[in-house]
Structure formats: structure tokens, C-alpha cells
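Below is one structure, written out as C-alpha cells; the observations come after it.
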Amino acid sequence: AVVFGSGGAAAAVSLALSRVPLRSLTIVARTLSTGRTMAARAAAGLRSTEVPWALDSVEPALSEADIVVNATPAALDELPLALHLLRRSCTVADVRYRPRPVDVVEAAEAVGLRAADGVEMLLHQGMLAFELWTQEAAPWEEARAALSEALAQ
9 AVVFGSGGAA AAVSLALSRV PLRSLTIVAR TLSTGRTMAA RAAAGLRSTE
59 VPWALDSVEP ALSEADIVVN ATPAALDELP LALHLLRRSC TVADVRYRPR
109 PVDVVEAAEA VGLRAADGVE MLLHQGMLAF ELWTQEAAPW EEARAALSEA
159 LAQ
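Take 9 as the starting number for the sequence shown in our numbering and just add one per residue.
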């Protein structure tokens, strides 16, 4: 797996990925020391490395990745990401959900890759927060409809 970013969203994604069977996790961070810290935290029995924010540093990991996640506010043209290096079985995810369509997702789909934006992540965070605060079951369908309506504006 390759995760772009070293902030809160990247940390959450890296932690979740460390709990599924992966060969390795590569953190691509603008600030290498932050990426190194996050890679160490996510490692838990996983080969975890950090690389600088440059395509030549990321290329080896991209060519082996099962999943690539953009957990930064960066648009496609700002990422050291070359979609042609990814295997056809790779999934591309972007935690951003605006502007729609998300350019990373759109570009990945255009070359035949599976891709997803951050709408489901946003929805799940909201529903979990609702349940924690209210101690009641979250209204999933109503929330999904409201989120869809809000994003359409």
C-alpha cells in the first residue's frame, strides 16, 4: 500500500491498513521526519517505510501497490503519482470529496482502475460520532441522502 500524506487522515488510513494483510506500507510525506514517525507507528509487524515527496522515490512502491491512498489536500497534478505505473488490480482512493468529481479518482477510473473518493469515509465518521454522542443508532439512510444533497450544491 502507498499512502500520500502524514497528517491525521493519513494516520487513520495507515492504522486501518496495518490491520489488513499487506506486504508493505509506504508513507509518502512532504516532511520526511513526520512520515518516518507515522510509518513506525503503523508498522505493527508490517514492512513500513517512508519516502520523500518525489516520483522517483515513490515509483518502486507504486509498481507493487494493491492500494494507493491520497490522504492530503493535494490535487492530482501536485502528487508524485504516475497512474501508468499501477497494476490493473490496484485500487486508488482519495480522502477528498470536493470538488466533485475528485480528479485523482476520475483519472484512475479513466485508465481502468477501481477508485473511490472520501464520501464514504466522511459518512462513516459522521455516523460514528452521532452514535458516540447520542448513544443511539445512527440514521444511515437519512444521513446518506443529506450528504448527497449537500455535495450536489
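The beta carbon of each residue, even a glycine, is placed where N, CA and C say it ideally should be.
Backbone CA spacing between Leu147 and Ala62 [nearest angstrom]: According to the sequence displayed, residue 147 carries Pro and not Leu. Taking the straight line joining both Cα atoms gives about 43 Å.
Taking only the alpha-carbon atoms, compute the straight-line gap between Ala115 and Ile75 and give it to the nearest angstrom. 15 Å
Give the range of the alpha helix (DSSP H) segment to which Ala62 is assigned. Here Ala62 belongs to no alpha helix (DSSP H), and DSSP marks it neither H nor E.
Given a cut-off of 8 Å on the beta-carbon distance, is the pair Ala69 and Thr34 in contact? Their beta carbons are under 8 Å apart, which means Ala69 touches Thr34 by this criterion.
When we look at the beta-carbon of Glu58 and count the other beta-carbons within 10 Å, is it buried (16 or more) or exposed? Buried, since its Cβ has 16 or more Cβ neighbours within 10 Å.
Contact under 8 Å by Cβ, Val100 with Val113: For the pair Val100 and Val113, the CB atoms are nearer than the 8 Å cut-off.
Going by CA-CA distance only, name the one from Val11, Asp125 and Ala37 that's closest to Ser26. Val11
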